[in-house]
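Reading through the structure tokens given below for one structure.
Protein chains in written order, with my numbering: chain X, 105 to 389; chain S, 593 to 850.
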């Protein structure tokens, strides 16, 4: 049975220095509030796992939380590059990070393998591509039936996964609709899972059962954080704040501007601030 | 009657849109490919199936998405599937006719780099990486590529093989056991290119209006080959231009936010 706890407690009691952690969300439902809480609590030496480590991981790397990143697309989609991550990779600022790079297909299959309790994922991928040369975790395997050479990558099994979702019921069952991304697999692959939600309702009896993606016993803790995905979005609640993603490019380009922004919007802020950030976006959601 | 004026970028998008057919199932990359695919849908290919890697199938956005997972894509889609399913059943399962990719760097065989400029371990510029592209390039039945020409972008040798095109040319794909066609079309801001049937080297088959052969060579890092009987790309029609400009204006207004 999932516990309902404040976000600060959920982060403090589930995340630890040196953990491998996935803050997953595929554009939609990115758990920004949970990531900001991790930054406030000042964890170190994290292995950050995510298919699309956009603004949130740029912030965590820029604040020095990351030791390693496992990813498949490190950009701010439609805007450009992740400038804090680039500064770490190209110049070692604030310190060097190790990277393990994959394709989306590999990461998606690796989470599925983790959720399925398999040691590795097998798929038809990376043919002719050069990532296999620089990433020793990309290997190949021969199909025992056809002899075809297939790509193999180790299963992803994070110590902890954070996701954001529309709602939970009072028992802790979790509902997601819209772009469902990779969140279910990332939770089922992890040892512990924390879900932030927009709201809690008594039960889901009036809703379509296909919307419930995680039964309560697959989730460790749930924290209610309205607006907790901003500047990402929550389908049915508020729209993606594309203007914020465009602005991030300028903020992240300058080390001092970045630090000032983080002080004001993360270090000196609280989970409650998220509700105000999405107020103007609610009609469009 | 005066001809409509247009920019090279507009010509590129419109020429790329014309390559798409009504019955295509297209895996859409963000940026220029997204614009081209939606212009096709809004003009000559209303029933085209557009798929974005966030899982949206048969989407018909009113404005261009900033990211591959904007809410607009899901709201207007026929269905939305989980990301693992997207890559396993739909792409790997062979259900995509055209993978439409952009590129930071490309060589004459349609190999694409979107990973690093310089050495992988100590890069001059760290780019976003492959995302869905390595498998889009080999599992889609055909691949179209679009980019604006420059000597930095069109190089003799790319720094990193993010997505495999025709490798070193000839039958390189077949030798690796890849049974899809690979890059069959390259649309730039000044020309249309197709691979030579035997060597697989991209050759210029059409010049956009007013473009000279010298301009193509000046903005390309390899020695350009021209096909026999190079054609001139028909200029954008008034309908194509108006559709593209309306879409861009709607998109810009939407992304500025409240």
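Glycine included, C-beta positions come from ideal geometry on N, C-alpha and C.
On the three-state DSSP scale, how would you describe residue 268 of chain X?
Counting from 1 along the first chain, the entry for residue 268 of chain X is found at position 164. Of the three classes helix, strand and coil, the one that applies to residue 268 of chain X here is strand, per DSSP.
Please check the pair residue 205 of chain X and residue 175 of chain X, which I expect to be a contact at CB under 8 Å, by giving their CB distance rounded to whole angstroms.
In the first chain, residue 205 of chain X corresponds to position 101, counting from 1. In the first chain, residue 175 of chain X corresponds to position 71, counting from 1. That belief holds up - the Cβ atoms of residue 205 of chain X and residue 175 of chain X are roughly 6 Å apart, short of 8 Å.
Starting from residue 763 of chain S, trace the beta strand (DSSP E) both ways and give me its first and last residue.
Stepping through the second chain from its first residue, residue 763 of chain S is reached at position 171. First-last for residue 763 of chain S: undefined, no H or E at that position.
Does the beta-carbon of residue 649 of chain S have 16 or more other beta-carbons within 10 angstroms, so that it is buried, or is it exposed?
Taking the first residue of the second chain as position 1, residue 649 of chain S is located at position 57. Residue 649 of chain S comes out buried.
Could one say the Cβ of residue 178 of chain X lies closer than 8 Å to chain S's Cβ atoms, at least one of them?
Reading the first chain from its first residue, position 74 is the one you call residue 178 of chain X. Answer yes: the Cβ-Cβ gap between residue 178 of chain X and chain S drops below 8 Å somewhere.
Please list, in chain order, the residues of the segment 122-150 of chain X that have any C-beta partner in chain S closer than 8 Å.
130, 131 and 132
Let me check one thing: in DSSP terms, what residues is residue 618 of chain S bridge-paired to?
Sequence index remark: in the second chain, residue 618 of chain S carries index 26 (1-based). In DSSP, residue 618 of chain S forms a bridge with S:642 and S:690.
Going along chain A in order, which residues have a C-beta closer than 8 Å to the C-beta of residue 672 of chain S?
As a matter of chain content, chain A is missing from the structure shown, whose protein chains are X and S.
Are the CB atoms of residue 796 of chain S and residue 808 of chain S nearer to each other than 8 Å?
Looking up residue 796 of chain S in the second chain gives position 204. Looking up residue 808 of chain S in the second chain gives position 216. Contact flag set, yes.
Any idea if residue 710 of chain S is buried or exposed, counting beta-carbon neighbours within 10 angstroms, 16 or more meaning buried?
On the second chain, position 118 is the one that residue 710 of chain S refers to. Per the 10 Å Cβ criterion, exposed.
Note down, in chain order, every chain S residue with its Cβ under 7 Å from the Cβ of residue 229 of chain X.
Taking the first residue of the first chain as position 1, residue 229 of chain X is located at position 125. Within chain S, the residues near residue 229 of chain X are 726 and 727.
Residues bridged to residue 197 of chain X (per DSSP)
The sequence position of residue 197 of chain X within the first chain is 93, counting from 1. Partner(s): none; residue 197 of chain X has no beta bridge.
Reducing DSSP to helix, strand and coil, say where residue 344 of chain X ends up.
As a position in the first chain, residue 344 of chain X is number 240, starting the count at 1. Correct three-state label for residue 344 of chain X: coil.
Residue 303 of chain X, enclosing beta strand (DSSP E) - first and last residue:
The count along the first chain starts at 1 and reaches residue 303 of chain X at position 199. Note, residue 303 of chain X: beta strand (DSSP E), 296-305.
Run down chain S in chain order and give the residues with a C-beta less than 9 Å from the C-beta of residue 182 of chain X.
Residue numbering aside, residue 182 of chain X sits at position 78 when the first chain is read from its first letter. Here the neighbours are 622, 623, 626, 656, 657, 658, 659, 660, 662 and 847.
Return the chain-ordered list of same chain residues with a C-beta closer than 6 Å to the C-beta of residue 757 of chain S, the five sequence neighbours on each side being excluded.
In the second chain, counting from the first residue as 1, residue 757 of chain S sits at position 165. Same-chain partners within the cutoff: 701, 702, 703, 774 and 775.
Got a sec? Which residues, its chain only, sit under 6 Å from residue 729 of chain S by beta carbon, not counting five neighbours each side?
For the purposes of this step, residue 729 of chain S is identified with residue 137 of the second chain, where counting begins at 1. Result list for residue 729 of chain S: 735, 755 and 756, in chain order.
Would you say residue 803 of chain S reaches chain X, if we count a Cβ-Cβ gap shorter than 8 Å as a contact?
Here residue 803 of chain S corresponds to residue number 211 of the second chain, with the count starting at 1. So no, residue 803 of chain S is outside the interface.
Can the beta-carbon of residue 658 of chain S be found less than 8 Å from the beta-carbon of residue 181 of chain X?
Residue mapping note: residue 658 of chain S aligns to position 66 of the second chain, counting from 1. Residue mapping note: residue 181 of chain X aligns to position 77 of the first chain, counting from 1. Contact flag set, yes.
Mind listing the chain S neighbours of residue 341 of chain X? Cutoff is C-beta to C-beta under 8 Å, in chain order.
The residue you call residue 341 of chain X lines up with position 237 of the first chain. Within 8 Å Cβ-Cβ: nothing; residue 341 of chain X doesn't reach chain S, min ~10 Å.
Quick check: is the beta carbon of residue 733 of chain S nearer than 8 Å to any beta carbon in chain X?
Within the second chain, residue 733 of chain S is the residue found at index 141, counting from 1. Chain X, which has no Cβ nearer than 8 Å to the Cβ of residue 733 of chain S, makes this no.
Given 8 Å as the limit, is there contact between the segment 115-131 of chain X and the segment 326-346 of chain X, that is, 3 or more CB pairs closer than that?
yes
Would you list the one or two residues that DSSP bridges to residue 746 of chain S?
As a first step, residue 746 of chain S is located in the second chain; it is residue number 154 there, counting from the start. According to DSSP, which records beta bridges pairwise, residue 746 of chain S is partnered with S:698.
Would residue 726 of chain S pass as a contact of residue 229 of chain X if the rule is Cβ separation under 8 Å?
As a working note, residue 726 of chain S is residue 134 in the second chain. As a working note, residue 229 of chain X is residue 125 in the first chain. The answer is yes: Cβ separation under 8 Å.
Work out the CA separation of residue 240 of chain X and residue 261 of chain X for me, nearest whole Å.
Numbered from its first residue, the first chain carries residue 261 of chain X at position 157. Numbered from its first residue, the first chain carries residue 240 of chain X at position 136. One C-alpha to the other measures close to 18 Å.
For my contact list, residue 166 of chain X and residue 188 of chain X are in at a C-beta cut-off of 8 Å; report their separation, rounded to the angstrom.
Here the question's residue 166 of chain X lines up with position 62 in the first chain. Here the question's residue 188 of chain X lines up with position 84 in the first chain. That pair is a contact at about 3 Å.
What is the DSSP secondary structure of residue 384 of chain X, counted as helix, strand or coil?
The residue labelled residue 384 of chain X in the question sits at position 280 within the first chain. When DSSP states are grouped into helix, strand and coil, residue 384 of chain X belongs to the helix group.
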